[in-house]
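Participant: Residue numbers (mature numbering (1 follows the signal peptide of the UniProt record, and there is no 0)): -17 to -1, 1 to 511. Each residue gets a CB set at the ideal place from its N, CA and C atoms; glycine is no exception.
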């Protein structure tokens, strides 16, 4: 007992400098609070709010105002509600979005274009695209007029499929799925209505493409295996204990790194609000701290349970290049919704999948900026994690206990600490494009001699919103041991992912990882 008390005392009185990881302020005022965030292959970041927030803090270009006679606040809106961040200069450029993107969904297509779907009001059935460009370009949002969603989608989830098409699942009052490019309209998905409760808890379902080509779909406290080719549920999973896990009770979810022969996929779901907190508008109901882990490809899957050091809702789970997962943002009490949470959880956690139960979580250096409802987290090509957003109010509100947040930060995991700089590899040569199953070489340089294997890992660029990163995955390539090439340069033989079920076609951040330290990524397009 004395040892336990000493451990608790030591933890709470550790200085910030003694916990792993560092924080940097990248942008003091982005002009908007980002509800949805995605990193492009040009090392820019698309940040997107909703259109009916009233004035933001960033103006559109002169002469590019949005006219909307139905907007309750601004009929002539000259404020930006989306911006583009250049990671090299941290400069912000306004983007113009025309229809409401409130609680919408998105996914990068195989050609690197960002597909963006749904929202509220005039955006309910809208399909938009953003074709990224370098920082000197003038790329902007394009709203498609020749095609729309078959059913309005508000709080839906998107996932790219093995053939490069995208499935769009669910949404408020939409217990269906549909596809882009369109197939045959909306298809009933009764599972979503079966798991709906009095406070919904089936919105923004967690969708993971398994390496067998099927979809693991989780909503509320249940999951099914869905065959997108036949639009049929082919398997049910045991319920997950610990209450509802999806909006408005959201925890978060990741699929762990795919590796080896790619036959196994493991899903982790952490945190969530207690049932009833949303109905009662309770801001002080403690959040759950439990996590469930399941081998989704097992013939007899069961949930393995463990607890985080903190209860947490609205956390973001980010797959790091190493195969560990970062849990960041959120609150320790309340629920999702406007002004419905309290007690910000400022401590990130590192989830280490290879450790035994009870030892997987490591508490990291806390931030100072509360990131509550409508905040996001995204892996960057340099291995940092971009943290943006947090607006728990219907409009922008800066005089509040938890104000609308316009600052953009970056969290650097411990692998970027100066004492590991000599281990950090540099990718010297890598193909710009590889085909499924193709053998190719990667050349890296490392200051210190290489000991052991240098991994080469493909990380997708997901669409982050509402505590879930749609389309997130990490694939560890099968490789041959690094061979000295010349000086401190090494050659690594790699095999590209074998098919689109393991890694759908598209652009990936490719990291070399040496003794747990990742390189700066190079963007590589994976094609069939």
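#1: Can you find the residues in the same chain that come closer than 6 Å, C-beta to C-beta, to residue -11, ignoring five residues on each side of it along the sequence?
#2: Kindly confirm or deny that the segment 358 to 377 and the segment 292 to 304 touch, where touching means at least three C-beta pairs closer than 8 Å.
#3: Is DSSP giving residue 131 helix, strand or coil here?
#4: List the residues that DSSP assigns as beta-bridge partners of residue 271.
#5: Rounding to the nearest angstrom, what Cα-Cα distance links residue -13 and residue 292 in this structure?
#6: For residue 383, count neighbouring Cβ atoms within 10 angstroms of its own Cβ and tell me buried if that reaches 16, exposed if not.
#7: How do the segment 136 to 152 and the segment 112 to 121 stand: do at least 3 beta-carbon pairs fall below 8 Å, yes or no?
#8: Helix, strand or coil: which one does DSSP assign to residue 382?
#9: How would you write the range of the alpha helix (DSSP H) that residue 174 sits in, first residue to last?
#10: By how many angstroms is the C-alpha of residue 392 removed from the C-alpha of residue 378?
#11: Mind checking whether residue 266 and residue 501 have CB atoms under 8 Å apart?
#12: Which term fits residue 185, buried or exposed, when burial requires 16 or more other beta carbons within 10 angstroms of its beta carbon?
#13: Could you tell me which residues DSSP pairs with residue 501 in its beta bridges?
#14: Between which residues of its own chain and residue 284 is the CB-CB distance below 8 Å, once the five residues before and five after are set aside?
#15: Take residue 461 as the anchor and find which of 168, 416 and 476 has the nearest alpha-carbon.
#16: Could you check where the beta strand (DSSP E) with residue 19 kicks off and where it finishes?
#17: On the criterion of 16 or more Cβ atoms from any shown chain inside 10 Å, does residue 526 qualify as buried, or is it exposed?
#18: Give me the residue from 44, 43 and 58 with the minimum Cα distance to residue 50.
#19: Rounded to whole angstroms, what's the CA-CA distance from residue 124 to residue 76? Just pull it up for me.
#20: Starting from residue 332, trace the beta strand (DSSP E) in both directions and tell me its first and last residue.
#21: Beta carbon of residue 416, beta carbon of residue 507: below 8 Å?
#22: Measuring CB atoms only, is the segment 449 to 468 touching the segment 427 to 441, in the sense that at least three cross pairs come out at less than 8 Å?
#23: Given this structure, state the Cα-to-Cα distance separating residue 489 from residue 144, to the nearest angstrom.
#24: Once DSSP output is grouped into helix, strand and coil, what is the label at residue 519?
#25: For residue 552, which residues in the same chain have their Cβ closer than 7 Å to its Cβ, ignoring the five residues on either side in sequence?
#26: Return helix, strand or coil for residue 187, following the three-state DSSP convention.
#27: Any idea which residues DSSP pairs residue 514 with across the strands?
#28: Going by C-alpha to C-alpha distance, which of 61, 60 and 78 sits closest to residue 68?
#29: Contact between the segment 446 to 458 and the segment 88 to 103 is defined here as three or more beta-carbon pairs at a separation below 8 Å; is this criterion met?
#30: Ordered along the chain, which non-local residues of its own chain (more than five positions away) have a Cβ less than 7 Å from that of residue 27?
#31: Could you check what DSSP says for residue 403 in three-state terms: helix, strand or coil?
#32: Between which residues of its own chain and residue 4 is the CB-CB distance below 7 Å, once the five residues before and five after are set aside?
#33: To the nearest angstrom, report how far apart residue 418 and residue 315 are at their CA atoms.
#34: Would you report the Cα separation of residue 81 and residue 503, rounded to the nearest angstrom?
#35: Got a sec: is the Cβ-Cβ distance from residue 130 to anything in chain C below 8 Å?
#36: Please report the straight-line C-alpha distance between residue 374 and residue 47, rounded to a whole angstrom.
Facilitator: In terms of the structure at hand:
#1: For residue -11, the pLDDT reaches just 39, beneath the cut-off of 50, and the residue's location in the model is therefore unreliable, although a value from the coordinates is still provided. Around residue -11: no qualifying Cβ.
#2: yes
#3: coil
#4: 255
#5: Any reading at residue -13 needs caution, since the residue's pLDDT is 40, under 50, leaving its predicted position unreliable; the model's value is listed next. Rounded to the nearest angstrom, the two C-alpha atoms are 15 Å apart.
#6: exposed
#7: Contact check between the segment 136 to 152 and the segment 112 to 121: fewer than three CB pairs, one atom from each, fall below 8 Å, which does not count as touching.
#8: coil
#9: 173 to 177
#10: Going by the C-alpha atoms only, they are around 22 Å apart.
#11: 8 Å or more divides the Cβ of residue 266 from the Cβ of residue 501.
#12: buried
#13: Paired residue(s): 496.
#14: The beta carbon of residue 284 sits closer than 8 Å to those of 220, 221, 277 and 278, all from its chain and outside the five residues before and after it, given in chain order.
#15: 476
#16: 19 to 22
#17: Residue 526 lies beyond the stretch modelled for the chain, which goes from -17 to 511, so this question has no answer here.
#18: 58
#19: Whole-angstrom Cα-Cα distance: 13 Å.
#20: It spans 332 to 334 - the beta strand (DSSP E) in which residue 332 sits, taken as one unbroken run.
#21: yes
#22: yes
#23: 11 Å
#24: The structure shown does not extend to residue 519, since the chain spans only -17 to 511, so no value can be given for it.
#25: The requested residue 552 is not part of the displayed model; the chain covers only -17 to 511.
#26: coil
#27: One cannot answer for residue 514 here, as it falls past the ends of the chain, which runs -17 to 511.
#28: 78
#29: yes
#30: 67, 68, 69, 70, 115 and 118
#31: helix
#32: 331, 347, 348, 394, 395, 396 and 397
#33: Approximately 45 Å, taken between the alpha carbons.
#34: Distance between the alpha carbons of residue 81 and residue 503 is about 35 Å.
#35: In the displayed structure, chain C is absent; only one protein chain is listed.
#36: The straight-line gap separating the alpha-carbon atoms of residue 374 and residue 47 is approximately 25 Å.
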